[in-house]
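When you number the sequence shown by my numbering, it's gap-free, plus one each residue, and the end is 347. One structure is given below, encoded as structure tokens.
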Amino acid sequence: MNTFDKTEKFVMKTYNRFPIAFTEGRGCWLYDDKGNRYLDMLAGIAVCNLGHCHPAISNAICEQSKKLIHISNYFYIENQAELARLICENSFGDKVFFCNSGAEANEGAIKLARRYGLQKNPEKYEIIAFKGSFHGRTMATISITGQGKYSEGFGPTLEGVKFAEFNNIKSVERTISEKTAGIIIEPVQGEGGIKPADQRFLESLRELANEFDAVLIFDEVQTGIGRTGKLFAYQHFNVEPDVMTLAKALANGVPIGAIVSKGEFATVLKPGLHASTFGGNPLSTKAGIEVMKIVSDKIFLEEVFDKGNYLKAKLEELKLNFPEKIKEIRGKGLMIGAVCKQPCSNI
Ligand code: PLP
């Protein structure tokens, strides 16, 4: 049975797939089972920021897999500690919690915000999220995702979630109160259509979070790890969150997620309050260490920025040549989207 037939027969049909089966990847190139070569402009879904099978990462995973793949979090794990150090020393963070995906990181961040709220007042449990956002596919993360199609038919969703308009501070002012425990936002909305936040909007959001003692969470699952030309997108704005979630590119394809937090927020989740069996294992964190060593380099990040400008300029040319097809080009660094006049696919 070929890959297509086997998939249709044995794999749950939760995706509409293109009729292509890739078997190898090298840098930005992918090869299918018929020997065709493709230029990969998706990088997973913003996962393989360093390209496919980067030698430093492949070698590190290979070596680590011969030593120790898994050990529980009842013990100390050197790679986990080292990756946490690299993330903290290159960001606003003081401490990191590791898990396995973006949704899981956001779940943990919501738990952190609610627990922080509870310490202040039992009524302080509301979460403000934004219309057009995407935060994952678990029950809590579909509840905070501001696109109805993801939660339709799965209700009732999480209680106490309010949606405000992205880039509209008045709408947040109308929504926020003493009951707000946390505010979660993507500095550049990804799935929502590559929409960067406005500078003034993020600054005001920070001020409102301070005023109402709410945890400001930046979901950098897609924007983080160099994708926008800064290591983390918040660094474009000079607005620091209290908590930041990471996943996707953090280990260049090995499943990993992380919650980064600072100050008093870093000690809210105490032993027994949150955990993950696989989170922070020696294999995924080894890959993460290699990724962080490469992407935190200033010259590497400048190259991302320059390449992003080049790609944007070329896409702008395409837009000029095909005004009937392309409406707008937007994004930061190499997180770029083209707004097409007609839908491109039904995936
Ligand atoms: N948050 C953002 C901003 C994302 O783009 C995604 C995935 O696309 C997620 C969270 C969910 O991540 P995961 O699919 O690893 O659970």
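For each residue, glycine too, the CB sits at the ideal point set by N, CA and C. Here the structure is a predicted model, which means the values were calculated and not measured.
- In the structure shown, GLN147 adopts coil according to DSSP, grouped into three states.
- With a threshold of 8 Å, the Cβ atom of LYS131 does not count as near the ligand PLP, since no heavy atom of the ligand is closer than that.
- Taken through DSSP and simplified to helix, strand or coil, VAL47 comes out as coil.
- A direct Cα-to-Cα measurement between GLU207 and PHE237 gives close to 14 Å.
- Across the set ALA105, SER101, GLU123, the C-alpha of SER101 shows the shortest separation from the C-alpha of ILE45.
- Inter-residue distance for SER276 and PHE265 is about 19 Å (C-alpha atoms, whole angstroms).
- Here ALA258 is bridged, per DSSP, to PHE98, LEU246.
- Put simply, the region 239 to 249 touches the region 91 to 100. At least three CB pairs are less than 8 Å apart.
- In the structure shown, GLU211 falls within a helical segment according to DSSP collapsed to helix, strand and coil.
- Taking SER151 as reference, the option from GLY132, GLU165, ILE169, PHE166 with the minimal CA-CA separation is GLY132.
- For LYS248, the shortest C-beta to heavy atom distance toward the ligand PLP is below 8 Å.
- When the five nearest sequence neighbours on each side are left out, the beta carbons in the same chain lying within less than 7 Å of the beta carbon of THR138 are those of ALA103, GLU107, in order along the chain.
- Look at GLN189 here: in three-state DSSP terms it is strand.
- Nearest to THR23 by C-alpha distance, out of THR14, ILE127, ASN36, is ASN36.
- For the pair of segments examined, the region 319 to 327 was found not to touch the region 57 to 67: the number of CB pairs separated by less than 8 Å stays below three.
- Contact between ILE184 and ILE217 holds: their C-beta atoms lie close to 4 Å from each other, under 8 Å.
- Residue burial is scored here from C-beta neighbours: PHE201 has at least 16 other C-beta atoms within 10 angstroms and is therefore classed as buried.
- A distance of 9 Å or more separates the beta carbons of LYS95 and ALA109.
- For the ligand PLP, no non-hydrogen atom lies closer than 8 Å to the CB of GLN147.
- Secondary structure within the region 15 to 84: the alpha helix (DSSP H) runs of 4 or more consecutive residues, fully enclosed, are 43 to 46, 55 to 67 (chain order).
- Using a C-beta cut-off of 8 Å, the region 162 to 169 makes contact with the region 117 to 131, since at least three inter-stretch Cβ pairs fall below that distance.
- By the Cβ criterion, the region 328 to 340 is in contact with the region 294 to 312, since at least three pairs of Cβ atoms, one from each stretch, lie closer than 8 Å.
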